[in-house]
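Presented below is the structure to which this report refers.
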Amino acid sequence: MSVSPPEARTGLRVHVQRVGTFLSSMVMPNIGAFIAWGLLTALFIEKGWITSLTDAWGADSWVAEIGGWGAYEGGGIVSVMITYLLPILIGAQGGRLIYGTRGAVVGAIATMGVVAGAEVPMFLGAMIVGPLGGWLIKKLDGLWEHRIRPGFEMLVNNFSAGISGAVLAVFGFFGIGPVVTAFSDLASDVVDFLVEHSLLPLTSVFIEPAKVLFLNNAINHGILTPLGTNQAAETGKSILFLLEANPGPGLGLLLAFVVFGRGAAKASASGAAVIHVFGGIHEIYFPYVLMKPKLIVAVIAGGMTGVLINVVFDSGLRAPAAPGSILAVYAQTASGSYLGVTLSVIGATVVAFLIAAVLLRTDRAEAEPDLAAATATMEAMKGKRSIASTALRPAGRSAISTIVFACDAGMGSSAMGASVLRKRIRAAGFTEVSVVNQAIANLTDSYDLVVTHTDLAERARARTPSAVHVTVDNFMDSPAYGEIVEMLAGTADPGAGTREPELLAEESVVLAGRARDADGAIDEVGALLVAAGAVGPDYVAAMHEREHTVSTFMGNGLAIPHGTLAAKDGIRHSAIALARYPEPVEWNGHPVEFVLGIAAAGDDHLALLSRIATVFADAEQVDRLRSAATRAEIAAVLGAVDAPAGVAE
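The opening residue of the sequence shown carries number 1197 in our numbering; numbering runs sequentially from there.
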């Protein structure tokens, strides 16, 4: 599998992607408001559905009053929403993305300035001043952070937001508003020129490749949506909403793979087509183009065909169709445009299918290229895992291929939990699923499934929003493990086995611990680690700190106290200490017979922890530990060392 390394993802394309993603993040949360405006427009504008049924009532009817036309021009719900509500929502969302609620407030205030200073709906202006407002108040708060006298915080915060918002509103009124208006007029003139000279279909030459490269958000939400909305406000519809949203080109490509494809691409194309057309997730077909780049010709031709048909029939949508589902497209289709929109989708599908079919039939490649590799390349370009791309896995393969156990330090509890689950998964026949452990602070949004202790779930979700999350209370024997196994249908190789280091010295085993509570047990195994020269006394304090944050009780009478992630730098070498308690100690409401102290400088402790997890999951082995008369017997059960000096400096 070939995936672009992170360091390769630089340059202009990546910067444009990031801008497009940010613009999309301002628009997409507010699509519901666009839909509401589109529906009201369809019903109540001068040529709307309800208006056509009430023409006899005259311009002063309740329909005209809602629509804001005739004697009520400019004062109806439709005009007020597009003039004020939609730009303010976008501006507030832009500020929120930069600096939370305070950024949203200042961004909304600033947006009012550009709205009042312009003669067209200020979507572009809102996209500028909203984030600017969030950035400004964030910088201002940073200037006097920790310098405000107690009791004056609310006063300073409120006045700083109000003053900065007012300044930006004035700046937007006199500066940004007129500039954006001029830009909008120029862009509208360019669109009119393309339409009048039948050149608008040529935009597909840029839009279709941009979609595959994830540059479409910058074009769609940065240019087409604002211009299209302005156009729809004047005429009731806009063809610009259809330039990128038409599902026809992607559908034609996928149908060609259904008929003429091979291997995994053929098997997955039908499912991908359903997701593409009805789910509106266009990125589902991007890997098929990346797998055979020459197929970009098919989607470009399909896109041009769709645009040409819409130009001929003068068809358009009332508002953006997001996501680009055929259902969303029809929901926003203007009255009188249904025939043109339908033909544009059919035409784009047919042309893309025919060209893709010819290219696939004449392809002399001996084998179908790797769809999984193309999907990985797509995700690398996108910058994160694609949820939709899980549908591209061949039949019999799991959408879950990588599982991570996450805990605070990424050492004890997560390592043992991973070992137990890994054994369950392999016993079920899913030998290629990767199960690893990791500290929450080091998590990246690249795993399919994340398992955490219930107390840590919220932190894990914040770092891995794309993953499936499972929480457990008992790492040794959780019912959730059976549910996870049921989710699986196969996948990736966990890699070669780990060398099994000798870390547990017999001197670090206590047969009859003297502690009577969890704190005393931590002190007891911590002293063993200090005596082994693995850590200093400060590490024992870090073990207590870790325990106060999240319990290290594992289930089956076992606890594995260990230090925090911050204390890891103080570990001199890896070591493990074990204390057995004939009279169980109370551990966060649970009885504990065995306390396993861990100091891990690297990964060389994981093999032993894997063996320990296996032992404690087996009732017979736990009984052997209970009845062991010597430290050597305990070491033998754990399979740790052959000689007393098992841990080396």
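We put the beta carbon where it would ideally sit given N, CA and C, even for glycine.
Nearest-angstrom Cβ-Cβ length linking residue i and residue j, presumed shorter than 8 Å
i, j, result
"L1420", "L1439", "6 Å"
"G1330", "G1290", "7 Å"
"V1179", "E1720", "Examination of residue 1179 is not possible in this model, given that the chain is present from 1197 through 1845 alone."
"L1792", "I1772", "6 Å"
"P1317", "N1442", "Going by Cβ atoms, the distance from P1317 to N1442 rounds to 24 Å, so no, they are not a contact pair."
"V1495", "G1446", "7 Å"
"I1333", "Y1295", "6 Å"
"V1746", "H1649", "6 Å"
"K1433", "L1513", "6 Å"
"L1320", "V1376", "5 Å"
"S1360", "L1336", "6 Å"
"A1306", "A1365", "5 Å"
"S1165", "G1475", "Residue coverage of the chain in this structure runs from 1197 to 1845, which leaves residue 1165 outside it and unanswerable."
Same chain, Cβ closer than 6 Å to residue i, neighbours up to 5 away in sequence not counted
i, result
"A1288", "A1300, G1303 and A1304"
"V1537", "S1511 and T1529"
"V1600", "V1632, Q1634, Y1643 and V1646"
"T1545", "G1444, L1447 and G1448"
"E1404", "V1495, I1496 and G1499"
"R1827", "E1702 and V1705"
"I1435", "N1506 and G1512"
"W1783", "A1714, F1749 and A1755"
"S1356", "L1336"
"P1516", "F1230, T1421 and F1437"
"R1557", "F1456"
Those residues which DSSP pairs with residue i across a bridge
i, result
"N1633", "F1601"
"I1794", "H1758 and I1772"
"H1649", "V1668"
"E1182", "Residue 1182 is absent from the structure shown; the chain starts at 1197 and stops at 1845."
"G1434", "First, the residue type needs correcting, since residue 1434 is Ser and not Gly in the sequence shown. Paired residues: L1513."
"V1495", "Per DSSP, none; premise fails for V1495."
"V1706", "A1775"
Same chain, Cβ closer than 7 Å to residue i, five either side skipped, listed in chain order
i, result
"A1825", "none"
"V1833", "V1811, Q1817, R1820, L1821 and A1824"
"A1846", "Summary: the structure shown does not reach residue 1846, with the chain confined to residues 1197 through 1845, and so no result is reported for it."
Residue i - containing beta strand (DSSP E), residue span
i, result
"G1751", "F1749 to G1751"
Same chain, Cβ closer than 8 Å to residue i, five either side skipped, listed in chain order
i, result
"S1221", "Q1289 and L1293"
"I1830", "V1705, L1707, L1774, R1776, L1821 and A1824"
"L1617", "I1599, F1601, V1631, V1647, Y1677 and I1680"
"I1286", "M1222, V1223, N1226, T1307, F1319, A1322, M1323 and G1326"
"S1384", "L1423, N1426 and Q1427"
"L1539", "I1505 and F1509"
Alpha helix (DSSP H) segment containing residue i, residue limits
i, result
"V1746", "No alpha helix (DSSP H) holds V1746; DSSP gives it neither H nor E."
"V1666", "Per DSSP, V1666 belongs to no alpha helix (DSSP H); it is in the beta strand (DSSP E), V1664 to V1668."
"F1482", "F1482 to M1487"
"N1354", "E1349 to F1367"
"E1404", "S1400 to V1408"
"I1596", "From DSSP, I1596 is part of no alpha helix (DSSP H); its letter is neither H nor E."
"D1381", "G1373 to E1392"
"L1447", "G1444 to F1456"
"L1834", "R1827 to L1834"
"P1675", "P1675 to M1683"
"A1815", "A1815 to S1823"
"G1467", "G1459 to V1470"
Proximity test, Cβ basis, 8 Å: residue i and chain C
i, result
"I1492", "Within the model displayed, chain C is absent; a lone protein chain is all it includes."
Note down, one range per segment and in chain order, each alpha helix (DSSP H) of at least 4 residues found wholly within the segment 1512-1540. 1522-1528
In chain order, what are the residue ranges of uninterrupted alpha helix (DSSP H) at least 4 long that sit wholly in the segment 1275-1340? 1282-1312 and 1319-1339
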